[in-house]
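**Q**
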Amino acid sequence: MPQVMSTLSQRLLDWFAIHKKPLPWRENNEPYRIWISEVMLQQTQRDRVGTYFRRFLERFPDVASLAASREDDLLKLWEGLGYYSRARNLRKAAAIIIDEHGGSFPDSPEALLALPGIGRYTAGAILSIAYNKPEPIVDANVERVFARVFDLDLPVKDKTTSAFLWTKARELIPKDRAREFNQAVMELGSLVCLSRKPRCSACPIQPHCEAYRLDIVLERPVPAKAKEYIPLEVATGLLVHQGLIFVQKRPTEGVWAGLWEFPGGSIEAGETPEQAVVREYQEETEFDVGDLEKIAVVRHGYTKYRVALHCYFCALTNGRREPVLHAAQESRWVRPEELANLAMPAGHRKLLDLLVRDLRFAERLRRP
Numbered sequence: 001m002p003q004v005m006s007t008l009s010q011r012l013l014d015w016f017a018i019h020k021k022p023l024p025w026r027e028n029n030e031p032y033r034i035w036i037s038e039v040m041l042q043q044t045q046r047d048r049v050g051t052y053f054r055r056f057l058e059r060f061p062d063v064a065s066l067a068a069s070r071e072d073d074l075l076k077l078w079e080g081l082g083y084y085s086r087a088r089n090l091r092k093a094a095a096i097i098i099d100e101h102g103g104s105f106p107d108s109p110e111a112l113l114a115l116p117g118i119g120r121y122t123a124g125a126i127l128s129i130a131y132n133k134p135e136p137i138v139d140a141n142v143e144r145v146f147a148r149v150f151d152l153d154l155p156v157k158d159k160t161t162s163a164f165l166w167t168k169a170r171e172l173i174p175k176d177r178a179r180e181f182n183q184a185v186m187e188l189g190s191l192v193c194l195s196r197k198p199r200c201s202a203c204p205i206q207p208h209c210e211a212y213r214l215d216i217v218l219e220r221p222v223p224a225k226a227k228e229y230i231p232l233e234v235a236t237g238l239l240v241h242q243g244l245i246f247v248q249k250r251p252t253e254g255v256w257a258g259l260w261e262f263p264g265g266s267i268e269a270g271e272t273p274e275q276a277v278v279r280e281y282q283e284e285t286e287f288d289v290g291d292l293e294k295i296a297v298v299r300h301g302y303t304k305y306r307v308a309l310h311c312y313f314c315a316l317t318n319g320r321r322e323p324v325l326h327a328a329q330e331s332r333w334v335r336p337e338e339l340a341n342l343a344m345p346a347g348h349r350k351l352l353d354l355l356v357r358d359l360r361f362a363e364r365l366r367r368p
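What the sequence shown shows, in full-length UniProt numbering, is residues 1 to 368, in sequence order.
Rendered as structure tokens:
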């Protein structure tokens with residue numbers, strides 16, 4: 001078996017040397033760049049990350065600049081990637097690297113795993129790609145490749161299967177070639193060992209693949225139980241007053257922490273969306289609002305939820321402009337052009353895109 005593994009590894013390395021894609025984070029192996037790219041690649045398709053990665057490095061080229069960043073600026077730069085806790089953890093970890101490691105990026109599993117947002121996978125990626133240390137990486141691509149090579153008949157997230165995958169991923173790393181090998185397995189999963197249409201005829205390790213030999217490639221990995229999504233009916237109000245729009249900043253903890261939003265919330269049983277907007281404004285800001293006019297229903301999703309966001313224009317009915325905040329850390333009245341500079345959840349950003357083409361928005365802004 002060791003000889004088979006050695007041959008498999010060599011075939012992968014030879015293939016990768018020819019077929020590896022020229023990605024921006026592969027221009028050098030500096031640990032900061034590897035870290036940023038790997039965090040961005042979590043929960044985000046590789047083809048989308050390139051633009052964000054370049055823009056991020058232009059704004060925050062090193063650990064020191066990231067540690068010194070303003071959270072609002074960072075979240076705005078991250079907008080579109082989602083899962084904003086990743087960005088906040090980057091900033092927290094950068095501050096720790098400056099304070100506790102003198103600005104030098106850690107090169108041990110223990111030190112890396114102690115940083116916010118860095119788990120086993122990200123630590124393995126940094127150690128192997130940046131420092132060429134023999135630490136394994138197991139992501140979705142690696143899971144698929146090895147589930148087929150070793151014909152694993154349990155879902156890859158099963159504890160036993162996961163432990164097996166991490167063990168094999170470590171055993172297969174050739175001496176002094178961790179950097180290339182780990183990237184080679186991921187690249188194979190991305191380009192050849194695809195989920196629905198695997199290109200087995202182009203696979204360099206086809207002779208070692210048990211699923212191919214048994215003609216069950218499409219049955220591996222064994223699918224996990226399908227995720228069940230929870231529908232949510234939510235309402236929000238765009239409050240316009242004398243040419244300004246009211247926004248509030250979400251708390252520092254919880255969903256969309258630190259992002260800006262228009263007040264709103266879940267529609268309660270027996271309540272209309274309009275009633276929900278009025279109630280939410282009263283509960284969150286103590287504003288009395290009325291003159292509601294429907295804009296649209298914006299649909300989006302996050303984690304396990306599928307959201308229908310009922311959006312309305314609204315206006316103050318009591319004339320008081322200063323809120324009493326109960327669900328936010330701060331608030332502002334902003335000009336329309338300032339909205340583009342605020343990091344917002346996806347649903348509210350979609351709402352802003354609709355407003356550009358809505359003549360009623362301009363009419364509301366002109367009201368005294």
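Built from N, CA and C at the ideal position, the CB exists for glycine as well.
(1) For E280 versus G265, is the C-beta spacing smaller than 8 Å?
(2) Can you tell me whether A169 is helix, strand or coil according to DSSP?
(3) For S69, count neighbouring Cβ atoms within 10 angstroms of its own Cβ and tell me buried if that reaches 16, exposed if not.
(4) For C311, which beta-bridge partners are listed by DSSP?
(5) How is the alpha helix (DSSP H) around residue 431 delimited, first residue to last?
(6) Using a Cβ-Cβ cutoff of less than 6 Å, which residues in the same chain neighbour R199 once the five nearest sequence positions on both sides are dropped?
(7) If you count every other CB in all the chains shown that lies within 10 Å of the CB of M1, and 16 or more means buried, which is it?
(8) Under 8 Å, do V247 and W260 count as touching if we go by C-beta distance?
(9) Could you confirm whether any beta carbon from chain B is found closer than 8 Å to the beta carbon of F164?
(10) Using a 10 Å radius around the Cβ and a threshold of 16 neighbouring Cβ atoms, would you call L113 buried or exposed?
(11) Going by DSSP, what residues sit across from R332 in a beta bridge?
(12) Which one of P368, V39 and I267 has the shortest CA to CA distance from V307?
(13) Identify which residue in R220, C203, G243 and Q275 has its Cα closest to the Cα of I18.
(14) Since A178 and S128 should fall inside the 8 Å C-beta cutoff, what is the C-beta to C-beta distance between them, to a whole number of angstroms?
(15) Kindly confirm or deny that the segment 230 to 246 and the segment 322 to 335 touch, where touching means at least three C-beta pairs closer than 8 Å.
(16) Would you call the segment 145 to 152 in contact with the segment 164 to 181, where contact means no fewer than 3 C-beta pairs closer than 8 Å?
(17) Quick one, which of E171, I137, H208 and G124 has its alpha-carbon nearest D151's?
(18) Is the Cβ-Cβ distance between A125 and V142 less than 8 Å?
(19) Do the segment 311 to 319 and the segment 282 to 301 touch if we need at least three Cβ pairs shorter than 8 Å?
(20) Helix, strand or coil for W15 per DSSP?
(21) Straight-line CA distance for V39 to L325?
(22) Using the Cβ count rule (16 or more neighbours within 10 Å means buried), how would you classify T122?
(23) Can you give me the Cβ contacts of R299 inside the same chain, cut-off strictly under 6 Å, excluding the 5 residues immediately before and after it?
(24) Please report the straight-line C-alpha distance between R349 and C311, rounded to a whole angstrom.
(25) For N89 and P61, which I take to be in contact (beta-carbon distance under 8 Å), what is that distance rounded to the nearest angstrom?
(26) What is the rounded straight-line gap between the Cα of A224 and the Cα of V356?
**A** Put simply:
(1) Yes; because the gap between Cβ atoms is below 8 Å, this pair is in contact.
(2) A169 sits in a helix when the DSSP states are folded into three classes.
(3) Counting Cβ neighbours within 10 Å, S69 comes out buried, since at least 16 surround it.
(4) Beta-bridge partners of C311 (DSSP): T236 and A296.
(5) Residue 431 falls outside the range modelled here, since the chain spans only 1 to 368, and no answer is possible.
(6) Correct list, in chain order: V192.
(7) Only weak support is given to the placement of M1: the predicted model assigns it a pLDDT of 39, under 50, and the question is left unresolved by the model.
(8) Their beta carbons are under 8 Å apart, which means V247 touches W260 by this criterion.
(9) Although the question refers to chain B, the structure presented lacks it and comprises just one protein chain.
(10) Under this definition L113 is an exposed residue.
(11) Under DSSP, R332 forms a beta bridge with V247.
(12) The candidate whose alpha carbon is nearest that of V307 is I267.
(13) Closest option to I18, Cα to Cα, is C203.
(14) The Cβ separation is near 4 Å, so the contact holds.
(15) Yes, the segment 230 to 246 is in contact with the segment 322 to 335.
(16) In short, these stretches touch, since the Cβ pair count reaches three.
(17) Checked all of E171, I137, H208 and G124; the closest Cα to D151 is H208.
(18) No, Cβ-Cβ distance for A125 and V142 is not below 8 Å.
(19) Proximity of the segment 311 to 319 to the segment 282 to 301 meets the contact definition, three or more beta-carbon pairs being nearer than 8 Å.
(20) W15: helix per DSSP, three-state reduction.
(21) C-alpha separation (whole angstroms): 33 Å.
(22) T122 should be labelled buried.
(23) The residues are A308.
(24) The alpha-carbon atoms of R349 and C311 are separated by roughly 12 Å.
(25) Contact check for N89 and P61: beta-carbon distance about 19 Å, past the 8 Å limit, so the pair fails to qualify.
(26) A224 and V356 have their C-alpha atoms roughly 42 Å apart.
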